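Residue numbers (the numbering used here): 167 to 537. Ideal Cβ positions, reconstructed from N, Cα and C, are used throughout, including at glycine. Remember, predicted model here, so these are calculated numbers, not experimental data. Take a look at the structure set out below.
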Amino acid sequence: MDVSFYPNYAKRFLLFELVSIVFFFFNVLTYDNDFSFVWRILIVLVILALYLGTLWYFDMRYVLFSALAFLLFILLAFVLHYYLLIFMIFFTDFYRKVPIVPMLLCQQALLVVTHWVVYVGAVPPADGAYVSTVLFPILIIQLLIPYVSRSVIRAKELQRELEDTQSQLDVYIQEEERNRIARELHDTLGHTLTMMKVKSELALRFIDHDPERAKAEMNDVLQTTRFASKQVREVVTTLRYTSIKEEVMHAEQLFQTNKTTFKSDGIANVPELSDVIETMIAQSLREALLNVYKHSEASEVSVSFYTEQQSFTSRVVDNGNGFEQQLIQAGNGMNSIRERMKLAKGNAVIDSTPKGTVVTLVIPIGNEENK
């Protein structure tokens, strides 16, 4: 909806204001007394024009337009009814960036004067003291609205700034991680691949006149290939070794920040694992626990560990709101957990319901690769 006379920043409140304007028109036009119908329409139209002026100007014109509108509200209060002052909410700075000093304070001073003039001249004496009339809570609300709305808007702006900063930090961390991986691959795998190249060239050189020597060189290439495969695995998964115990400790500190009850059980049952396997489990636990922290709205979360029949099991349980099965299948976080467990020759089972989520990680133990 293109409303050229209506500023873009205010369009999100357009529906609310249209409804309020309709009620304003209705109350002014239907109040039963002898005041001219034509004058009522003219006053309402002038008030609306002044309101549009306050949407566009944030200088002393804002105060001037408000003052003229308040004078017309005083007139309506005297000739119709004082409860019409409630519609001065249009001029209470819902979302404008009017400087608090002096424009907003001047406008609020005029607001107080308007209420007082109407109370003295238009409120029936039987209504008692000003604080006992309906005008008093209306005035308090109208005075507080700009500060409450500014606080909410500022909080949202800070949240956006925090998210932007976090996004920039994530990009920086990813870039640093890529650089570190590149250096690690160059320093370790690069040398191994060079050896494989040299050995392969030697095998080609000896294959015709010294087959036994060529065979020996190719055996060396095979062994070097296996070693290179192991190096790739270690570089990818153990650029930074992460222990399960450290990850549980970090999770406990994390959940203290949002008052979630965190429990861990069986940490002493963690068997002796290779750095690669333990890092995979720890990173999978981190992913599962971060999902709980960010999305589940859980009040309790627990991590447990136990060993049985040549397998080691880690389990994360929360009482949050769960998530849909489609997200379990497609979510990047869930996929990364499965991929890590697959690399460790293990298994990841993720079961989520509206009452909570259970993530179970199982890896075989007792073989040389996992020790």
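1) Would you check if the distance between the CB atom of Ile255 and the CB atom of Gln308 is smaller than 8 Å?
2) Could you check whether Ser450 and Arg392 sit closer than 8 Å to each other, using their CB atoms as the reference points?
3) List, from N- to C-terminal side, the alpha helix (DSSP H) runs of 4 residues or more that fit wholly inside the segment 264 to 313.
4) If distances are taken between C-alpha atoms only, which option among Asn485, Thr526, Leu509 comes closest to Thr473?
5) Specify the secondary structure class of Glu383 as computed by DSSP and reduced to three states.
6) Going by DSSP, name the residue or residues bridged to Leu246.
7) Using a beta-carbon distance below 8 Å, is Ile209 in contact with chain B?
8) Assuming contact is defined by CB atoms lying nearer than 8 Å, are Ala510 and Ile503 in contact in what I supplied?
9) Look at the alpha carbon of Phe203 and the alpha carbon of Val300, and state the distance between them as a whole number of angstroms.
10) Given this structure, state the Cα-to-Cα distance separating Val185 from Val245, to the nearest angstrom.
11) Output the distance between the C-alpha atoms of Leu237 and Thr280, rounded to the nearest integer angstrom.
12) In whole angstroms, what separates the C-alpha of Val469 from that of Leu328?
13) Classify Ala510 as helix, strand or coil using the three-state DSSP reduction.
14) Nearest to Val414 by alpha carbon, out of Leu218, Thr523, Ile311, Glu453?
15) Whole angstroms is fine: what's the gap from Lys425's alpha carbon to Asn487's?
16) In three-state terms, what does DSSP make of Asp259?
17) Helix, strand or coil: which one does DSSP assign to Thr526?
18) Please list the terminal residues of the continuous beta strand (DSSP E) segment that includes Asp484.
19) Tell me, please, which residues DSSP counts as bridged to Lys177.
20) On the premise that Arg206 lies in contact with Val194, defined as a C-beta separation below 8 Å, what is that separation, rounded to the nearest angstrom?
21) Per DSSP, what are the beta-bridge partners of Ile516 in this structure?
22) Assuming Phe203 is part of the alpha helix (DSSP H), what are its boundary residues?
23) Just checking my contact of Ile209 with Leu242 at CB under 8 Å: how many whole Å lie between their CB atoms?
24) With a 10 Å radius around its C-beta and 16 neighbouring C-beta atoms as the bar for buried, classify Asn199 as buried or exposed.
25) Can you tell me whether DSSP reads Asp431 as helix, strand or coil?
26) By alpha-carbon positions, which one of Pro290, Pro437, Leu180, Val483 ends up nearest to Gly522?
27) Go to Val469, then tell me how far its beta strand (DSSP E) extends in each direction, as first and last residue.
28) Note down the Cα distance separating Ala176 from Tyr285, rounded to an integer number of angstroms.
29) Nearest-angstrom Cα distance between Ile373 and Asp441?
30) Quick check: the Cα distance between Lys381 and Met446, rounded to an integer number of angstroms?
31) Should Glu323 go down as buried or exposed, given a rule of 16 or more other Cβ atoms within 10 Å for buried?
32) Should Val278 and Phe224 be called a contact, given that it needs their Cβ atoms to be closer than 8 Å?
33) Can you give me the C-alpha to C-alpha distance between Thr423 and Lys460, rounded to a whole angstrom?
34) Over what stretch of residues does the alpha helix (DSSP H) that includes Phe421 continue unbroken?
35) Select from Glu183, Asn174, Glu367 the residue whose C-alpha is nearest the C-alpha of Phe253.
36) Does the Cβ of Glu438 have 16 or more other Cβ atoms within 10 Å, making it buried, or fewer, making it exposed?
By the coordinates alone:
1) Taking 8 Å as the cut-off, the Cβ atoms of Ile255 and Gln308 count as close.
2) No, the Cβ-Cβ distance between Arg392 and Ser450 is not below 8 Å.
3) Annotation note: the segment 264 to 313 contains the following uninterrupted alpha helix (DSSP H) runs of length 4 or greater, listed N- to C-terminal: 271 to 288.
4) Across the set Asn485, Thr526, Leu509, the C-alpha of Thr526 shows the shortest separation from the C-alpha of Thr473.
5) DSSP places Glu383 in helix when its eight states are reduced to three.
6) Looking at the DSSP assignment, Leu246 forms no beta bridge with any residue, so it has no partner.
7) Protein chains in the displayed structure number just one, and chain B is not present.
8) Not in contact: Ala510 and Ile503 (Cβ atoms no closer than 8 Å).
9) Going from the Cα of Phe203 to the Cα of Val300 covers about 26 Å.
10) For the pair Val185 and Val245, the Cα-to-Cα distance works out to about 24 Å.
11) Rounded to the nearest angstrom, the gap between the Cα atoms of Leu237 and Thr280 is 7 Å.
12) Cα to Cα, Val469 sits roughly 30 Å from Leu328.
13) Secondary structure at Ala510: coil, using DSSP grouped into helix, strand and coil.
14) Taking each of Leu218, Thr523, Ile311, Glu453 in turn and checking the Cα distance to Val414, the smallest one comes out for Glu453.
15) For Lys425 and Asn487, the distance between alpha carbons rounds to 17 Å.
16) Per DSSP, reduced to three states, the secondary structure at Asp259 is coil, with no helix or strand assignment.
17) Residue state, collapsed to three classes: strand.
18) 477 to 484 is the span of the beta strand (DSSP E), which, as asked, contains Asp484.
19) Lys177 pairs with nothing; no bridge assigned.
20) Yes, Val194 and Arg206 are in contact; Cβ-Cβ is about 5 Å, under 8 Å.
21) Among the bridge pairs identified by DSSP, Ile516 is matched with Val525.
22) If you look at Phe203, you'll find it in the alpha helix (DSSP H) that goes 203 to 222.
23) The beta-carbon distance between Ile209 and Leu242, rounded to whole angstroms, is 6 Å. This is short enough to meet the 8 Å contact definition.
24) By the 10 Å Cβ count, Asn199 comes out exposed.
25) The answer is strand: DSSP assigns Asp431 an E or B state.
26) Residue Val483 is the option with its Cα nearest to Gly522.
27) Boundaries of the beta strand (DSSP E) around Val469: 466 to 474.
28) Cα to Cα, Ala176 sits roughly 32 Å from Tyr285.
29) Going from the Cα of Ile373 to the Cα of Asp441 covers about 40 Å.
30) Between the alpha carbons of Lys381 and Met446 lies a distance of about 37 Å.
31) By the neighbour-count rule (16 or more Cβ atoms within 10 Å), Glu323 is not buried but exposed.
32) No.
33) Looking at the two C-alpha atoms, the distance is approximately 12 Å.
34) Phe421: member of the alpha helix (DSSP H) spanning 410 to 422, first to last residue.
35) Distances from the alpha-carbon of Phe253 to those of Glu183, Asn174, Glu367 put Glu183 closest.
36) So Glu438 counts as exposed.
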